[in-house]
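So the mapping is simple: the numbering used here equals the position in the sequence shown, first residue as 1, plus 91. Worksheet for the structure shown next.
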Amino acid sequence: MSARTRLVIIASAAAIVATAAGPAGQAPPQIPPPTQTITMKGKAPVSNAVLKVSLPKPLEADLPNGLHVMVIQDPRAPQVTIQLVIRGAGGYYDPPDQYGLAQFTAANLREGTARRTSTAIAEQLERLAATVTVNAAMSSEEATLNASALREHFDEVLDLAADVLLSPAFPEQELTRYKAQTRAQLQQQRANPTFLAFERFSRAVADGHPDGRMAPAVEALDKTTRDALAAFHKSHYVPDHAAIAITGDITMAAALKAVQARFGAWAKAGAPEPSVSDPVAVADPGVFLVARPASVQTSLVVGVQAIRYTDADFYAMTVLNKIIGGGPTGRLFRHLREEKGYTYGASSQIDARRFRGTWIASTNVRSEVTEAALRDLLDELRQAREIRVPDQEFADAKRSIVSAFALAFESPQAPVTNALTRWRYGLPADYWDKYPERIMAITQDEVQAMAKKYLDPKKLQIIAVGDRAAAEAVLLKLGRLQVFDADGRKIQ
92 MSARTRLVII
102 ASAAAIVATA
112 AGPAGQAPPQ
122 IPPPTQTITM
132 KGKAPVSNAV
142 LKVSLPKPLE
152 ADLPNGLHVM
162 VIQDPRAPQV
172 TIQLVIRGAG
182 GYYDPPDQYG
192 LAQFTAANLR
202 EGTARRTSTA
212 IAEQLERLAA
222 TVTVNAAMSS
232 EEATLNASAL
242 REHFDEVLDL
252 AADVLLSPAF
262 PEQELTRYKA
272 QTRAQLQQQR
282 ANPTFLAFER
292 FSRAVADGHP
302 DGRMAPAVEA
312 LDKTTRDALA
322 AFHKSHYVPD
332 HAAIAITGDI
342 TMAAALKAVQ
352 ARFGAWAKAG
362 APEPSVSDPV
372 AVADPGVFLV
382 ARPASVQTSL
392 VVGVQAIRYT
402 DADFYAMTVL
412 NKIIGGGPTG
422 RLFRHLREEK
432 GYTYGASSQI
442 DARRFRGTWI
452 ASTNVRSEVT
462 EAALRDLLDE
472 LRQAREIRVP
482 DQEFADAKRS
492 IVSAFALAFE
502 SPQAPVTNAL
512 TRWRYGLPAD
522 YWDKYPERIM
532 AITQDEVQAM
542 AKKYLDPKKL
552 QIIAVGDRAA
562 AEAVLLKLGR
572 LQVFDADGRK
582 IQ
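Written as structure tokens, this is what we have:
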């Protein structure tokens, strides 16, 4: 899983356009008679009609070397946002003897090029009030470059981004410094109970698959060399597996000319698209404890293997996820925090990609309420399977998804994210236009069917990280318990 900050995969889209009174001299709009498309909650009218959104469409082109270019012109935006994605350069494709190499490579691209030192890069970005970052998560298929700048600095920042991406020097001194910093971070994260919970879950649902890797081992970091970084970069950073999306006050002609000038000489690989495979299906439930003696809290993760992004179940699963754990209105938050006071927060999320991903519910609770909190969490999943979602809760969940979808488009990052998601999964041109109506078309029976299909207690993986005395008794009631220490060593 992607370094499990695991963000829920719900796309963003266009702003809602409100219409006021008509032109001068025109009769004022008539107040509509009561219909089934308007309901009242307290004093606020809430429409049940499908929200219509109008999304800006990117203009698209391919460079001769295969780099796919998408441009969304927005004259209102003072800033230009750039995102370049390279499929095949993420941790999913790490060599089997060096997990983490993709992450190390991406992290060191900004540490110096043939033309610039790391200090010069940092100073230039500060002077321009711009950003350029590159990352490649452990189980991600991709490396991603993100950049932003005011329109007047676009060409200079694109030049810097191209230099970082295409001509890294991987200086030995910077690599030594990076290894020292990262070694400390890798050791420190093993003291984080949430990290340990997600790590154990990843191994439970995807052992032996790239999605089962949460973080590189210190040993892999220690043996990383400049030559290894350069070799990975040369073989995996190729334009014919890449796409760049640009949005802001810039025309397609200007953007395409700038991209061609800086990326046109990037040599293509001519190799087939990098492939993916699903993790082996998990047929049995699992119960795991990561022991942290004297811990004052327990981190709980309950989840299953679930869906791919392109699966037909994606929309109904999105609604189910919203109902169970999608923010403060979700059942987990309301029950575990507001009603019981077990925790500061509880949520659920879908991680769907080209391969079969996961659905996860998680929370951190006080040690003394571990048994009660886990019991109540599992009971919420049982109710989702057995009881049809009430009408109002169901309608509110769908409206919330669609409204958030539209409002998120206020972010300058949203247009490029949407464009790249469509490219990434081979989605049709009208995919985002139809997203609201597809969500609103989901029925209560479909949502309950998703709960029965995916939240099957015979396949649930249950993980607790905390004091053994607080968690062991309840976990033993749920099945055969496996116990590990914080370093991943099995102790029972």
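Beta carbons are placed, not taken as given, at the ideal position from N, Cα and C, and that holds for glycine.
Tell me, please, whether the region 204-222 touches the region 181-190 by the rule of three or more beta-carbon pairs shorter than 8 Å.
no
Please report the straight-line C-alpha distance between histidine 327 and alanine 488, rounded to a whole angstrom.
41 Å
When His332, Ala344 and Pro307 are compared against proline 363, the one with the closest alpha-carbon:
His332
Taking all protein chains shown into account, do 16 or more other C-beta atoms lie within 10 angstroms of the C-beta of leucine 511, making it buried, or fewer, making it exposed?
buried
Where the alpha helix (DSSP H) through tryptophan 514 begins and ends
505-516
Am I right that alanine 197 and asparagine 226 are in contact with their C-beta atoms under 8 Å? What's the rounded C-beta distance?
5 Å
Output the distance between the C-alpha atoms of aspartate 536 and tyrosine 406, rounded to the nearest integer angstrom.
13 Å
Local conformation of arginine 479 per DSSP, three classes
coil
Among the residues of its own chain, which have a CB less than 6 Å from the CB of lysine 132, if the five just before and after it don't count?
Since pLDDT at lysine 132 reaches only 45, below the 50 mark, its modelled position is unreliable, and no value is offered.
Cα separation between glutamine 504 and aspartate 375?
40 Å
As an exercise, report each continuous beta strand (DSSP E) stretch of at least 3 residues that is fully enclosed by the region 307-339, in chain order.
333-339
Under three-state DSSP, which class holds arginine 580?
coil
Under the rule that 16 or more other beta-carbon atoms within 10 Å means buried, what is tyrosine 85, buried or exposed?
The structure shown has nothing for residue 85, since the chain only spans 92 to 583.
Just to confirm, is the Cβ distance from arginine 428 to glutamate 471 under 9 Å?
no
Can you give me the start and stop residues for the beta strand (DSSP E) that methionine 305 sits inside?
Note, methionine 305: premise wrong, no beta strand (DSSP E); not H, not E.
Secondary structure at asparagine 455, three-state DSSP: helix, strand or coil?
strand
Report, in whole angstroms, the separation of the C-beta atoms of glutamine 351 and leucine 154, which I expect to be a contact under 8 Å.
6 Å
Would you tell me roughly how many angstroms separate the C-alpha atoms of alanine 344 and serine 293, rounded to the nearest one?
45 Å
Are there any heavy atoms of the ligand ATP lying less than 8 Å away from the beta-carbon of alanine 486, as far as the coordinates show?
Absence of the ligand ATP is noted for the structure shown, with no ligands found whatsoever.
What is the DSSP secondary structure of phenylalanine 446, reduced to helix, strand or coil?
coil
Please state whether DSSP places valine 373 in a helix, a strand or coil.
coil
Less than 8 Å between the CB atoms is what I'm expecting for valine 373 and lysine 550, so what's the real figure, rounded?
6 Å
Terminal residues of the continuous beta strand (DSSP E) containing glutamine 35?
Outside the displayed range of the chain (92 to 583) lies residue 35, so it cannot be described from this structure.
Should alanine 532 go down as buried or exposed, given a rule of 16 or more other Cβ atoms within 10 Å for buried?
exposed
From the DSSP output, read off the bridge partner residues of glycine 421.
DSSP, once it has assigned bridges, lists no residue as partnering glycine 421.
Mind listing, in chain order, the continuous alpha helix (DSSP H) runs of no fewer than 4 residues lying wholly within the region 523-551?
535-545
Taking only three categories from DSSP, how would you classify valine 565?
helix
Using alpha carbons as the reference points, say which of Ala463, Gln539 and Pro506 lies closest to aspartate 482.
Gln539
Measuring CB to CB, does aspartate 254 end up less than 9 Å from alanine 205?
yes
Assign valine 176 to buried or exposed, taking buried as 16 or more other Cβ atoms, counted over all protein chains shown, within 10 Å of its Cβ.
buried
When you compare each of Gly579, Tyr435, Ala577 and Ile553 to alanine 567 by their alpha carbons, which one comes out closest?
For the sequence presented, residue 567 should be read as leucine rather than alanine. When each option's Cα is compared against that of leucine 567, the closest is Ile553.
Please classify glycine 432: is it buried, with 16 or more other beta-carbons within 10 angstroms of its beta-carbon, or exposed?
exposed
Run of the alpha helix (DSSP H) containing serine 239, from where it starts to where it stops:
First-last for serine 239: 233-241, but that is the beta strand (DSSP E), not the alpha helix (DSSP H).
Valine 171 and valine 248 - do their beta-carbons sit closer together than 9 Å?
yes
Please go through the same chain and pick out, in chain order, the residues whose beta-carbon is closer than 7 Å to the beta-carbon of valine 556, but skip the five residues on each side of it.
Pro284, Leu287, Ala288, Val381, Arg383, Thr389 and Ser390
Comparing C-alpha positions only, which one of Gly157, Ser453 and Gln164 sits nearest to proline 147?
Gln164
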